[in-house]
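J.: Read the sequence shown against this note's numbering and you will find it ends at 149, with the numbers running on by one and no gaps.
Here a beta-carbon is modelled for each residue, glycine too, at the ideal position from N, C-alpha and C.
Pasting in a structure now, in structure tokens, and then I'll have a few things to ask.
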Amino acid sequence: MLSQLRFKGKQLVLAICYLGFALYIAMAAILLFFSPYRQANRTNADGAVVTDVNLVPFQTISNYIKASGHINSSVWVTNLFGNVLAFMPLGFFLPLLFRRFMKFWPTVILVFVSTLAVECLQLFFHVGSFDIDDIILNTLGGAIGYLFYKAVANISSIVLKGKQ
């Protein structure tokens, strides 16, 4: 009886984790593609759609750091740290829920490919901008999320061993 309760408890925790992952994906899609700010097509004086593209690594990051004393801090903090924080949950959920992502590199590669896909879709649909620095920061966020998962997994295994 007790083992059945433990099994059902594990199933409940797993279901909550999958639900959290699904909510994260849905919220990320809404924020990245459907928020009012991103829906507004930027046009020039002639009415042509303006597409922002940055293919120079660390250019946007450098620009924000250089201008940090001249612009509202919420702008550069949101852009730099927001990009890192936005993909940390992906790096955490992947190894938690999918066995093939238990290792660092498969997780980081999928985060990179996911970020690249998001940036390409933003470019194609003229929503937001394509920025190589976003890819760098998002991938860093996924890597940090993975490392956080590993730390939590190690701590929980130590705690569980201590209870036995």
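#1: CA-CA distance, A138 and A7?
#2: Secondary structure at V112, three-state DSSP: helix, strand or coil?
#3: Look at the alpha carbon of P21 and the alpha carbon of S114, and state the distance between them as a whole number of angstroms.
#4: Short check: CB of P80 to CB of Y131, under 8 Å?
#5: Which residue marks the beginning of the alpha helix (DSSP H) containing I46, and which one marks its end?
#6: For the alpha helix (DSSP H) that N57 lies in, which residues bound it at each end?
#7: Identify whether V38 lies in helix, strand or coil by the three-state DSSP scheme.
#8: Take F133 as the anchor and find which of Q(-4), L65, G76 and V69 has the nearest alpha-carbon.
#9: How should D37 be labelled, buried or exposed, when 16 other C-beta atoms within 10 angstroms of its C-beta is the threshold for buried?
#10: Here's the rule I'm using: 16 or more other beta-carbon atoms within 10 Å means buried, otherwise exposed. How should P74 be labelled?
#11: Ignoring anything shorter than 4 residues, give me the alpha helix (DSSP H) runs that lie fully in the region 85 to 110, in order along the chain.
#12: Going by C-alpha to C-alpha distance, which of V(-2), K(-5) and L17 sits closest to L101?
T.: The short version:
#1: Rounded to whole angstroms, A138 to A7 spans 21 Å at the Cα level.
#2: DSSP places V112 in coil when its eight states are reduced to three.
#3: Roughly 14 Å between the two C-alpha positions.
#4: Cβ atoms of P80 and Y131: closer than 8 Å.
#5: Here the alpha helix (DSSP H) through I46 covers Q44 to A52.
#6: Run containing N57: none; DSSP gives neither H nor E here.
#7: If DSSP states are grouped into helix, strand and coil, V38 belongs with the strands.
#8: Of the candidates Q(-4), L65, G76 and V69, the one whose C-alpha sits nearest the C-alpha of F133 is G76.
#9: Exposed.
#10: Per the 10 Å Cβ criterion, buried.
#11: Uninterrupted alpha helix (DSSP H) stretches at least 4 residues long and entirely within the region 85 to 110 occur at 89 to 109, given in chain order.
#12: Across the set V(-2), K(-5) and L17, the C-alpha of L17 shows the shortest separation from the C-alpha of L101.
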